[in-house]
Amino acid sequence: MRLPLMNLVKLNGMSILRQLHLEEKLMRTSSENWCIINDGTIKPTIVMGISGKPQELLETESVLRDEIPVIRRMSGGGTVIVDQDTVFVTFICNKDAVPGLKPDPQRIIHWAGHLYEKVFNGIGNFSVCENDYVLGGRKFGGNALSITSKRWLQHTSFLWDYKKSNMSYLKLPQKAPNYRQGRSHLDFICRMKDYISRPDFIDETIRAAESHFRLTPLNQEDNLLNQQYEHSRSRLLTIDELEEAPVYNPAVATRV
Amino acid sequence: MALRIWASSTANALKISAKSTSVSPAFSLSRCFSSVLEGLKYGKSHEWVKHDGPVALIGITDHAQDHLGEVVFVELPEPGKSVAQGESFGAVESVKATSDVNSPISGEVVEVNTKLSETPGLINTSPYEDGWMIKVKPSNAAELETLLNPKDYTKFCEEEDAAH
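As they're listed, the protein sequences go chains L and Z.
Heads up: the first sequence runs through residues 6 to 261, numbered per this note's numbering.
Heads up: the second sequence runs through residues 24 to 187, numbered per this note's numbering.
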């Protein structure tokens, strides 16, 4: 049986906001399958999930003081702070692209977990723990998904390395997985670079994807990747939104 | 994975069974154990619509909420917005995922369920009653005829689950 086609886009240092806009455009306007790998992003940026509340998740005073950009993305999941030492991997697929995979959240997460098991292949006691990717019991990546009636998107920001000072912008979330056991950020996360080199991780991810798809590399200069998408829901939060008192409830967020 | 889904569906069936003595609408229990109510129409992306005079009530089905998991956030349109059949009008967040919710009919949103802002889990516990999402003034009554009746929706769910 021939494997389905997937376009492979390898980026280097694209801003995470631009990457998210690109992903939404491909998710909503393309009927092809995509794998996007962005090796680092140019500026430290906080990225929250669709329901993220700045006052609950961030040390907003220091975020505002240090002018750290904060993005609310269109997918679910938690809050991360990303920079040039983060490696981003995204899969965007038609709902029938993976034979036998029903596109509901748990099954997609399960599928992605299997893919990354192949990447790490026993390195560092890799496992999927309550939807997080862990090495030696510490998290280095998670799952965030967006699902429509015809397509799904799964993306992860992998901590190849990180700065301790950046983690101080994030509060301990109220909802945390059981395996976190109340650990602070620095005791909960780990650096992927302690286990695998950056080029090897990217190469092995591509190889693992090739077990499901026939990958076709796309040039970063391709027009499709550079056209604007006006309907993107991922956006930068304003200073007013970061300064707002907790009465703001994004659960009443309305679609404009 | 199959055992977990079966267990989840069974628990759901038990909840429905326990409630059935106090719920007035008749329901049928599909072989996949999610409840499908009589008197509603269904879309293939798992939304239901109840036409009640000049207004139609819309939400997601028990089958949908069961597959999503715990709903933690709901994004709804503003009253006054137009919705189109088969197009997304909002989203729910569950288990790290944002899932689009599509409107089974076209029309104008006249009311949204504001309770879902504080209690999004109503979609899980009461998908056909307290978990309703929007009320729409239909713009094309003929669209209701294109939707699935309860029996056909039950069969659709079974075939969809069997295919995976």
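Note that CB positions come from ideal geometry on N, CA and C, so glycine has one too.
Remember, predicted model here, so these are calculated numbers, not experimental data.
* To do: Starting from the beta carbon of G127(L), find every residue of chain Z whose beta carbon is closer than 8 Å, and list them in chain order.
  => As a first step, residue 127(L) must be located in the first sequence, where it is residue number 122. For G127(L), there are no neighbours in chain Z by C-beta distance under 8 Å, as the nearest C-beta there is about 23 Å away.
* Asked: Of all Cβ atoms in chain L, is any one closer than 9 Å to the Cβ of P127(Z)?
  -> Start at 1 with the first residue of the second sequence, and residue 127(Z) comes out as number 104. Interface annotation, P127(Z): not in contact with chain L, CB-CB separation never under 9 Å.
* Decide if G63(L) is buried, meaning its Cβ has at least 16 other Cβ atoms within 10 Å, or exposed. => As a first step, residue 63(L) is located in the first sequence; it is residue number 58 there, counting from the start. Residue 63(L) is actually Leu in this sequence, not Gly. L63(L) comes out buried.
* To do: Taking only beta-carbon positions, decide if K178(Z) is within less than 9 Å of chain L.
  => Indexing the second sequence from 1 puts residue 178(Z) at position 155. No, its Cβ sits nowhere closer than 9 Å to a Cβ of chain L.
* Please list the partners that G92(Z) has in chain L, where partner means a Cβ-to-Cβ separation under 9 Å. => Reading the second sequence from its first residue, position 69 is the one you call residue 92(Z). Within chain L, the residues near G92(Z) are D109, P110, Q111.
* To do: Indicate whether the contact test is met: 3 or more Cβ pairs, each with one atom in the region 156 to 176 of chain L and one in the region 87 to 103 of chain L, closer than 8 Å.
  => With the cut-off at 8 Å, the region 156 to 176 of chain L and the region 87 to 103 of chain L touch.
* To do: Classify V72(Z) as helix, strand or coil using the three-state DSSP reduction.
  => Numbered from 1 along the second sequence, position 49 holds the residue referred to as residue 72(Z). Of the three classes helix, strand and coil, the one that applies to V72(Z) here is strand, per DSSP.
* Nearest-angstrom Cα separation, counted from S56(L) out to T142(Z) -> For the purposes of this step, residue 142(Z) is taken as residue 119 along the second sequence, with counting starting at 1. For the purposes of this step, residue 56(L) is taken as residue 51 along the first sequence, with counting starting at 1. CA-to-CA, the gap between T142(Z) and S56(L) works out to about 13 Å.
* Any chance you could list the alpha helix (DSSP H) runs of at least 4 consecutive residues sitting entirely within the region 62 to 132 of chain Z, in chain order? => Counting whole runs of 4 or more residues, the region 62 to 132 of chain Z contains the alpha helix (DSSP H) stretches 85 to 91.
* To do: Go to V94(L), then tell me how far its beta strand (DSSP E) extends in each direction, as first and last residue.
  => In the first sequence, residue 94(L) corresponds to position 89, counting from 1. Unbroken beta strand (DSSP E) run through V94(L): 91 to 99.
* Put F125(L) into one of helix, strand or coil per three-state DSSP. => Numbered from 1 along the first sequence, position 120 holds the residue referred to as residue 125(L). The three-state reading of DSSP puts F125(L) in helix, counting H, G and I together.
* Asked: Would you call the region 102 to 110 of chain Z and the region 121 to 129 of chain Z in contact, with 3 or more CB pairs under 8 Å?
  -> Counting Cβ pairs under 8 Å, three or more are found: they touch.
* Asked: Got a sec: is the Cβ-Cβ distance from M79(L) to anything in chain Z below 9 Å?
  -> For the purposes of this step, residue 79(L) is taken as residue 74 along the first sequence, with counting starting at 1. Interface flag for M79(L) against chain Z is set, since a Cβ pair is found closer than 9 Å.
* To do: Spatial neighbours of F96(Z) within its chain, please: CB distance less than 6 Å, with the 5 preceding and 5 following residues excluded, ordered by chain position.
  => As a working note, residue 96(Z) is residue 73 in the second sequence. Result list for F96(Z): E116, P143, in chain order.
* For chain L, find out if any of its Cβ atoms is closer than 9 Å to the Cβ of A165(Z); answer yes or no. => As a working mapping, residue 165(Z) is identified with position 142 in the second sequence. No, no contact with chain L.
* To do: For D245(L), name the three-state secondary structure that DSSP assigns.
  => As a position in the first sequence, residue 245(L) is number 240, starting the count at 1. Reduced to three states, the DSSP call for D245(L) is helix.
* **Simplified DSSP state of P178(L), which is helix, strand or coil** => The count along the first sequence starts at 1 and reaches residue 178(L) at position 173. In the structure shown, P178(L) sits in coil (DSSP, three-state: anything other than H, G, I, E or B).
* Helix, strand or coil: how does DSSP classify L145(Z) here? -> As a first step, residue 145(Z) must be located in the second sequence, where it is residue number 122. Correct three-state label for L145(Z): helix.
* **Rounded straight-line distance, which links the Cα of K73(Z) to that of S170(L)** => Taking the first residue of the first sequence as 1, we reach residue 170(L) at position 165. Taking the first residue of the second sequence as 1, we reach residue 73(Z) at position 50. Each residue's Cα considered, the two are about 53 Å apart.
* alpha helix (DSSP H) runs contained entirely in the region 34 to 107 of chain L, provided each spans 4 or more residues -> Uninterrupted alpha helix (DSSP H) stretches at least 4 residues long and entirely within the region 34 to 107 of chain L occur at 59 to 62, 65 to 70, given in chain order.
* Asked: With distances taken between CB atoms, is the gap from V139(L) to C195(L) smaller than 9 Å?
  -> Start at 1 with the first residue of the first sequence, and residue 139(L) comes out as number 134. Start at 1 with the first residue of the first sequence, and residue 195(L) comes out as number 190. Between V139(L) and C195(L), the C-beta gap is smaller than 9 Å, which places the two residues in contact.
* Inter-residue spacing [alpha-carbon to alpha-carbon] between S181(L) and S162(Z) -> Here residue 181(L) is taken as the residue at index 176 of the first sequence, counted from 1. Here residue 162(Z) is taken as the residue at index 139 of the second sequence, counted from 1. Rather than Ser, the amino acid found at residue 181(L) in this sequence is Ala. Going from the Cα of A181(L) to the Cα of S162(Z) covers about 44 Å.
* Asked: What do you reckon, are the CB atoms on A120(Z) and A149(L) nearer than 9 Å?
  -> Against the second sequence, residue 120(Z) aligns to sequence position 97. Against the first sequence, residue 149(L) aligns to sequence position 144. Yes, the pair counts as a contact, with Cβ atoms nearer than the cut-off.
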